[in-house]
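One structure is given below, encoded as structure tokens.
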């Protein structure tokens with residue numbers, strides 16, 4: 305068996321729990337998903353490290369205060385070098401590295417949201433990243449990401465019966481790195497991770513020539529590996545086919561190192577985004593793509609001491625701006641511009657006052673940039689007011705909760721109805737006009753697809769230790785609720801009777817089964833829904 309680096313993650317995740325791969329039995333294959341067809345794509349660009357928002361989106365009307373020696377004189381970009389944003393009356397500009405963003409702004413393909421954050425922010429890279437990925441409050445821990453919950457909402461039976469003829473492709477793709485918490489839902493990866501579209505996983509060889517003896521521990525492990533490989537290979541085939549059919553038309557992507565010349569700024573990010581464009585143009589039906597670039601933890605030497613318009617931070621932003629502009633140029637040339645939207649985020653912003661090392665320390669609020677042909681161009685919010693008496697502990701106050709940004713995009717881009725958005729975001733948040741009106745198809749199409757987005761069955765609590773409750777809704781008629789393991793074996797039938805329309809709950813005792821991922825399956829006349837549930841150690 306020869307493994308290479310094409311697929312890095314598959315729909316089953318191991319997080320301190322031993323999980324058997326789900327089987328491909330006829331019973332499992334029959335659990336096909338209910339899908340809500342749309343051709344829209346969201347690209348998430350993660351800026352790892354904590355981006356300095358005040359040197360990214362620069363409030364020129366606060367420049368006199370920013371340039372004070374006691375504020376950020378040693379890092380603030382010279383006013384004459386700031387890129388002006390047309391229509392702001394000279395009050396707001398961009399870092400000189402963001403010429404790509406300035407072009408998107410001038411073309412009406414950029415929406416900017418000022419001072420985005422959340423209450424009681426965290427200064428920890430790890431905790432803050434988890435909060436931004438999951439939509440959790442600062443005092444709670446969630447086991448599912450916002451994007452993961454959205455994908456589970458649209459494809460409630462996933463991963464059972466996937467890939468299938470209706471959805472043969474990954475729901476989400478992370479390019480580089482692990483899938484990550486943002487694309488997980490209660491222990492299940494809702495997507496895959498790839499490095500590129502050329503170095504394919506070789507799953508052939510003697511490992512498949514003899515049947516695994518599942519009566520032994522080693523045999524069970526071998527069966528698990530084989531099933532994961534089969535599932536991975538199916539998604540790999542779809543990605544490979546899309547890559548072979550797709551293409552890139554833009555010549556603007558940052559160039560790789562060649563003939564002794566170094567790689568251009570943003571080359572790695574541009575390469576990842578070029579893969580996204582190629583896969584979309586090749587017909588892949590994947591909803592969410594996730595790419596990332598690092599280096600934003602600029603505690604020291606953030607700028608060139610002799611010229612603050614140059615240096616480490618400007619170089620990072622130039623790479624981001626050039627890569628994203630090339631990607632947007634590509635999808636436009638490919639005729640895909642109306643289908644693609646994207647956003648940037650970092651785990652936190654940075655403090656108002658710079659430090660003595662020519663850098664900035666972990667902070668709170670930050671600007672977010674949403675790009676695409678269907679955004680509402682402009683700025684949401686106002687320039688932050690910078691207090692001349694700011695101290696080393698001073699942070700930008702939040703104007704918008706980041707969950708309002710995500711929720712609004714899910715509603716107006718992926719057309720999640722008002723009645724359902726709280727089940728994805730877990731709370732009610734302010735609706736923002738980030739996307740243009742008229743993008744959504746009627747919800748009746750969604751309803752037609754076997755109640756794909758209705759939350760008809762779920763376990764609570766989830767994850768659980770030994771016992772949980774199964775809450776479900778019957779539309780009336782014959783109703784069956786079953787618990788199924790990852791091999792497709794029915795381990796308990798909780799309900800098998802005729803019920804009146806209504807909502808019900810029933811206790812579920814799984815004390816005697818191993819930890820891992822299980823599924824609760826609801827069958828009600830023509831409606832079928834499967835949800836994952838995670839048993840963990842106490």
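Residue numbers (the working numbering): 305 to 842. All residues carry an ideal CB built from backbone N, CA and C; glycine is no exception. Keep in mind that this is a model prediction, so the values were computed, not measured.
The distance from the Cβ of residue 382 to that of residue 603 is about 22 Å, inconsistent with a contact at the 8 Å cut-off. Annotation: the continuous beta strand (DSSP E) that includes residue 777 extends over 771–778.
Under the three-state reduction of DSSP, residue 464 is assigned to coil, being neither helix nor strand. A direct Cα-to-Cα measurement between residue 582 and residue 551 gives close to 5 Å. The beta-carbon separation of residue 428 and residue 598, rounded to 16 Å, does not stay under the 8 Å limit for a contact. For residue 656, the secondary structure class from DSSP, reduced to helix, strand or coil, is coil.
In this structure, DSSP gives residue 580 a helical state, which the three-state scheme calls helix. The beta-bridge partner set that DSSP reports for residue 826 consists of 785 and 833. The shortest CA-to-CA distance from residue 796 to any of 558, 665, 544 and 823 is the one to 823.
388 is the residue among 576, 394 and 388 whose C-alpha sits nearest the C-alpha of residue 402. Per the coordinates, the alpha-carbon of residue 357 lies some 22 Å from the alpha-carbon of residue 734. Where residue 366 is concerned, there is no enclosing alpha helix (DSSP H), because DSSP gives it neither an H nor an E. By the CB criterion at 7 Å, residue 415 and residue 426 fall outside the cutoff. The alpha-carbon of residue 663 is positioned some 16 Å away from that of residue 399. Rounded to the nearest whole angstrom, the C-alpha separation of residue 681 and residue 655 is 28 Å. Assignment of residue 394 by DSSP, reduced to helix, strand and coil, places it in the coil class.
Counting the other Cβ atoms within 10 Å of the Cβ of residue 781 gives fewer than 16, which makes it exposed. Per DSSP, the continuous beta strand (DSSP E) segment holding residue 645 begins and ends at 644–649. Residue 776 sits away from residue 730, with the two beta carbons spaced by 7 Å or more.
The Cβ-Cβ distance between residue 631 and residue 355 does not fall below 7 Å. Annotated as distal: residue 556 and residue 637, with beta-carbon spacing of 7 Å or more. Look at residue 443 here: in three-state DSSP terms it is coil, with no helix or strand label. Cβ-Cβ distances below 8 Å link residue 488 to 317, 447, 448, 449, 452 and 494 in the same chain, with the five nearest sequence neighbours on each side left out; the list follows chain order.
In the three-state DSSP reduction, residue 594 falls in the strand class (E or B). Looking at the DSSP output, residue 350 bridges to 596 and 649. In chain order, 389 place their CB closer than 6 Å to the CB of residue 409, counting only its own chain and leaving out the 5 sequence neighbours on each side. Contact check for residue 384 and residue 377: beta-carbon distance about 16 Å, past the 8 Å limit, so the pair fails to qualify. Collapsing the DSSP output to three states places residue 641 in a helix.
Using a Cβ distance threshold of 7 Å, residue 344 and residue 707 do not count as a contacting pair. Contact between the segment 473–482 and the segment 572–591 is present: 3 or more CB-CB pairs across the two stretches fall below 8 Å. Shown here, residue 613 sits in coil according to DSSP, grouped into three states, outside any helix or strand.
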